[in-house]
Amino acid sequence: KIEEARNTPTVQVLDRAVPPAFRSAPKRKMLLLVFGLLSLVLSVLWIWLSAYWQTLLEQPERKAKFDRLAEAWRRETAWLRRRS
């Protein structure tokens with residue numbers, strides 16, 4: 358039995374590998390389209406937010422309102438910072 362175990366291959370090839378007729382994944386055109394649109398949307402959002410931020414800093418009453426809102430946010434989320 359020991360001799361039989363030594364002569365038995367540990368891996369047996371059941372079927373030979375055959376390359377597929379066409380690719381199934383990744384769908385590169387779809388990925389390119391999705392990430393291209395996503396980057397466009399995020400870029401426009403970034404530009405809009407930076408322009409908004411600049412106008413916010415130029416108007417003292419709006420900046421004061423934002424500062425009050427930011428301070429209230431910091432107070433409400435202080436327990437999150439204390440945990441970590």
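End of the sequence shown sits at 441 in this note's numbering; the numbers just go up one at a time, nothing left out.
C-beta: ideal position from N, C-alpha, C; glycine also.
Please read all numbers here as calculations on a predicted model, not as lab measurements.
- In this structure, the CA atom of P377 is about 57 angstroms from the CA atom of A427.
- The Cβ atoms of L413 and F423 lie closer than 7 angstroms to each other.
- Every unbroken stretch of the alpha helix (DSSP H) spanning 4 or more residues and falling wholly within the region 392-436 is given here in chain order: 417-433.
- For R380, there is no enclosing alpha helix (DSSP H), as DSSP gives it neither H nor E.
- The continuous stretches of alpha helix (DSSP H) do not include R373, and DSSP gives it neither H nor E.
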